[in-house]
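In the working numbering, the protein residues as written are 12 to 466.
The beta carbon of each residue, even a glycine, is placed where N, CA and C say it ideally should be.
Input: a single structure, listed below in structure tokens.
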């Protein structure tokens, strides 16, 4: 019993500890989790499925269309009642049995199969197939664009959370430094070496750090909440980001390293998916003109109909007295006058082509502009990162000297406070520059698949 109780006690205490183990998350892990649970990727996948279904729908027109119909009619009153009174044939008088003819029969069963097969559609089916194939490719590019936007958003949320961690740590460190200065000042005041004014000023400076710490903590909670939403993680799961914004060297994030080099070396890579989508839109609109034009031409269909009829005396069909009808023919359909509808449809289709061509030109111009802007932002972020390289070491050394001077009583509290604020500013600028550089690298690397105008 004692052994059992000890085991239960260990399990009850170990359970919460195991549940609180943090989930260590790299950027690669975050991107994989986000894509697996993203609603936008689900929507893009549904678009691809719809595009394939459209192709299958159009392709079905190339095959024979066969339909079946079955009817039963019960005649209550008929104009043929009593016309054919002879129920059987008489060889002597030459009378004819009309009992199996459809006129005025009480019960009538009809079963029919009809077949229609297109022989000539003036190019409409081919144009529709090409349209559907272009739609599939456009949907695939849309999926790539959705993935790129998701990756950029997740990367931003990931580094925002890492930055919020760092800013909170800086705020806490500033509070600890201000509290240490206050404690040191209070000791000097208690020893009679400093006036009460210095103690009050040190206390105010320490307490002024509390709102900064509270804001930093709130910003951190918000940043982590946004990251959790992308990853579909519950709030009770603690996260630990495997990233260092204080590193002396900041390598390009692994998922974007190869693509970043390609975009920087080639001007044709940026917004490749968006431009191809615009080209496909032009192609689809041109095919729409061909489809409208085909409506002016005749279409030829092979048609056939096969039917079985039965007129039983009883309610149920008599399968031994089935009669059949079978026809085969060719049907030619040619529009003659439709109230000028085709003229207006053609005008609308050509307007769609003009609009698509303008959007293609616009996409090329905006794509070039946004590529240039993204590269300039990357250069600016890299320059800002390089500019902050030595400031932390300098600010840290300056604060150490100021703290020593304050302890020795040869400097003022104002000098120590200025040094502390300068150190906090340098640390925050360094972390912000690291975040901006990594995000700028990710954005440039994702340019091939990002939509035009997407952030």
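Assuming residue 406 and residue 439 are in contact, meaning their beta carbons sit under 8 Å apart, how far apart are those beta carbons, in whole angstroms?
Actually they are not in contact, since the Cβ atoms of residue 406 and residue 439 sit about 11 Å apart, beyond 8 Å.
Start and end of the alpha helix (DSSP H) containing residue 179?
135 to 201
Give the secondary structure of residue 463 by DSSP, where H, G and I count as helix, E and B as strand, and everything else as coil.
coil
Expressed to the nearest angstrom, what Euclidean distance is found between the alpha-carbon atoms of residue 290 and residue 173?
40 Å
Are the stretch 75 to 90 and the stretch 291 to 302 touching, with three or more C-beta to C-beta distances below 8 Å?
no
Span separating the alpha-carbon of residue 120 from that of residue 335:
12 Å
Same chain only: Cβ atoms within 6 Å of residue 319, ignoring 5 sequence neighbours per side:
122, 333, 335
For residue 128, the nearest candidate out of 137, 74, 78, 148 (CA to CA)
74
Short check: CB of residue 32 to CB of residue 274, under 8 Å?
no
With contact counted as at least three CB pairs below 8 Å, one residue from each stretch, are the stretch 255 to 270 and the stretch 442 to 449 in contact?
yes
For my contact list, residue 369 and residue 286 are in at a C-beta cut-off of 8 Å; report their separation, rounded to the angstrom.
Wrong, their Cβ atoms sit about 14 Å apart, outside the cutoff.
Ignore the nearest five residues each way along the sequence and tell me which others in residue 361's own chain have a CB closer than 8 Å to its CB.
Closer than 8 Å at Cβ, skipping near neighbours: 300.
With DSSP as the reference, label residue 349 as helix, strand or coil.
coil
Is residue 74 helix, strand or coil when you go by DSSP?
coil
Please state the DSSP three-state secondary structure of residue 29.
A caution first: residue 29 carries a pLDDT of 46, below 50, which makes its placement in the model too unreliable to give a value.
Just to confirm, are residue 295 and residue 142 a CB contact at a threshold of 8 Å?
yes
Distance, Cα to Cα, residue 70 vs residue 144?
11 Å
From residue 101 to residue 346, what distance separates their C-alpha atoms?
With a pLDDT of 49 at residue 101, under the threshold of 50, the predicted position of this residue should be treated as unreliable, and no value is reported.
CA-to-CA distance, residue 34 to residue 28, given in whole angstroms
Residue placement at residue 28 is poorly supported in this model, since its pLDDT is 41, which falls under 50; the coordinates still yield a value, given next. The alpha-carbon of residue 28 is positioned some 13 Å away from that of residue 34.
N-terminal and C-terminal residue of the beta strand (DSSP E) that residue 122 is part of:
Boundaries of the beta strand (DSSP E) harbouring residue 122: 118 to 131, taken from the DSSP string.
Is residue 138 near residue 298, with beta carbons less than 8 Å apart?
yes
Whole-number beta carbon distance between residue 378 and residue 281, since they are thought to touch under 8 Å
6 Å
Express the C-alpha separation of residue 118 and residue 326 in angstroms, rounding to a whole number.
Spanning the two alpha carbons is a distance of roughly 7 Å.
Can you tell me whether residue 12 is helix, strand or coil according to DSSP?
Because residue 12 carries a pLDDT of 47, less than 50, the predicted location of this residue cannot be relied on, and the following value inherits that uncertainty. Here residue 12 sits in coil by DSSP.
Simplified DSSP state of residue 85, which is helix, strand or coil:
In this structure, residue 85 counts as strand in the three-state DSSP scheme.
Rounded separation between residue 114 and residue 84 - CA only
12 Å
Quick one: using the 10 Å Cβ neighbour count with 16 as the cut-off for buried, is residue 271 buried or exposed?
buried
Nearest-angstrom beta carbon gap, residue 414 and residue 427 [assumed within contact, 8 Å]
The pair is a contact, with the Cβ atoms about 6 Å apart (cut-off 8 Å).
So residue 311 is in the alpha helix (DSSP H); what residue range does that whole segment cover?
First-last for residue 311: 310 to 321, but that is the beta strand (DSSP E), not the alpha helix (DSSP H).
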